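Engineer: I have a structure I would like to understand better, so I am pasting it below and will then ask my questions one at a time.
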Amino acid sequence: MSGNRDVSCSTCHHPRLATTDRLTMNRGVYGVGIGPQRVGAAVGGRTTQPLWNLHKLQKGLAVDHKVPLAADGYVYPLGGPFIPFAWQDEAFDPDMKAAAGQAMMPEVTDQEMLGFPGDNDFTDECPQDDPPFGLVLCAWGKMMERLGAIPEYVEMFEAAYPGVDFEDMHFAYAGNAIAAYEFRAFFSDDTPWDRFVGRFDPTTGAVTPGDDDALTLQQLAGRVASSTPTSAIARRVTRATRSPTRTFTRRCSRNLGRATRCRAGTGRAGSTITGACG
Numbered sequence: 498m499s500g501n502r503d504v505s506c507s508t509c510h511h512p513r514l515a516t517t518d519r520l521t522m523n524r525g526v527y528g529v530g531i532g533p534q535r536v537g538a539a540v541g542g543r544t545t546q547p548l549w550n551l552h553k554l555q556k557g558l559a560v561d562h563k564v565p566l567a568a569d570g571y572v573y574p575l576g577g578p579f580i581p582f583a584w585q586d587e588a589f590d591p592d593m594k595a596a597a598g599q600a601m602m603p604e605v606t607d608q609e610m611l612g613f614p615g616d617n618d619f620t621d622e623c624p625q626d627d628p629p630f631g632l633v634l635c636a637w638g639k640m641m642e643r644l645g646a647i648p649e650y651v652e653m654f655e656a657a658y659p660g661v662d663f664e665d666m667h668f669a670y671a672g673n674a675i676a677a678y679e680f681r682a683f684f685s686d687d688t689p690w691d692r693f694v695g696r697f698d699p700t701t702g703a704v705t706p707g708d709d710d711a712l713t714l715q716q717l718a719g720r721v722a723s724s725t726p727t728s729a730i731a732r733r734v735t736r737a738t739r740s741p742t743r744t745f746t747r748r749c750s751r752n753l754g755r756a757t758r759c760r761a762g763t764g765r766a767g768s769t770i771t772g773a774c775g
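Going by this note's numbering, the sequence shown opens with residue 498, and the numbers climb by one from there.
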């Protein structure tokens, strides 16, 4: 869906890189490669948002809330009404609005996926004298034309939205579909960390208490290193390490500003674990 056909969503949200790109600023059009190895690309203005558990970020995405969900129930990307409210009413799932709105924006951001004037049919044929709204709506329309040229996509879209013909769909349907994929593909609530802190089932309302034995000593050492001493998580980790079956000690020393080393000792056969202390 990128204007120059040289960028995909996974260019910046690659599964091998934990659904991000490990870069301070994203690198979009003109580039080759992924992550830190991507070269020749236009540099964007923000860090790539990981896709894990976006269902927990209902009120907005990105640190600066680039795509916020306002009190009126509509998404305002970059603080503007870029996505028509009627589109949001027709296509967005009520539980995925922020994610669906975010999924529509990289495609119309010049350095990320759209391209620059003179690069492609999107930027050549869409109005540049009425930016950004005219350009954005025109480009989204052309993206739907591209998708509609692939019969398999037409069939899948109409199966996903029963009763709506593809020719009547706008790009908000694609954004909602991308969000649905993200919610399902990058969802997790049963990792060792989830079991340690406890879990809430939004469907049943059931709460599963945290399990102090869900993390290994090495995992606990890493979490202690990344916690502030007064945080609730740090206190929880401390309680876990004081359980009758575990002893946990931590000795750190700094060497000319280099990474601190941590050492965790356990009462089990005198084994030790050493790792970075942050």
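Glycine included, C-beta positions come from ideal geometry on N, C-alpha and C.
These numbers were taken from a predicted model, which means no experiment stands behind them.
When you compare each of A646, G645 and N673 to A657 by their alpha carbons, which one comes out closest?
Structural biologist: Among A646, G645 and N673, the Cα nearest to that of A657 is on N673.
Engineer: What does the alpha-carbon distance come out to for the pair T713 and T688?
Structural biologist: Approximately 12 Å, taken between the alpha carbons.
Engineer: Less than 7 Å between C-beta atoms, sequence neighbours within five positions excluded: which residues of the same chain meet that for A538?
Structural biologist: Once the five neighbours on either side are set aside, the close Cβ partners of A538 are R524, G525, V526, Y527 and G528.
Engineer: Counting Cβ pairs, one atom from each stretch, are 3 or more of them under 8 Å apart for the region 666-680 and the region 574-592?
Structural biologist: Yes: at least three Cβ pairs fall under 8 Å.
Engineer: I'd like the ranges of any beta strand (DSSP E) spanning at least 3 consecutive residues and lying wholly in the region 622-674.
Structural biologist: Fully enclosed beta strand (DSSP E) runs of 3 or longer: not present.
Engineer: Since S448 and M610 should fall inside the 8 Å C-beta cutoff, what is the C-beta to C-beta distance between them, to a whole number of angstroms?
Structural biologist: Absent from the model: residue 448. The displayed extent of the chain is 498 to 775, so no value can be given.
Engineer: DSSP three-state label for G707, please.
Structural biologist: In this structure, G707 counts as coil in the three-state DSSP scheme.
Engineer: May I ask you to verify whether the region 511-522 touches the region 550-561, counting CB pairs closer than 8 Å and requiring at least 3?
Structural biologist: Cβ pair count under 8 Å is below three, so no.
Engineer: From G532 to D662, what distance separates their C-alpha atoms?
Structural biologist: In a straight line, the C-alpha of G532 is about 38 Å away from that of D662.
Engineer: Could you name the residues of the same chain whose beta carbon sits closer than 7 Å to that of L575, not counting the 5 residues immediately before and after it, in chain order?
Structural biologist: Taken in chain order, the residues that qualify are K563.
Engineer: Which of the three DSSP states, helix, strand or coil, is assigned to L714?
Structural biologist: L714: helix per DSSP, three-state reduction.
Engineer: Might you give, ordered along the chain, the residues of its own chain that have their beta carbon closer than 7 Å to the beta carbon of L548, omitting 5 neighbours on each side?
Structural biologist: Here the set comprises H510, T516, E679 and F683.
Engineer: Helix, strand or coil for G542, going by three-state DSSP, please let me know.
Structural biologist: Note: G542 maps to coil in three-state DSSP.
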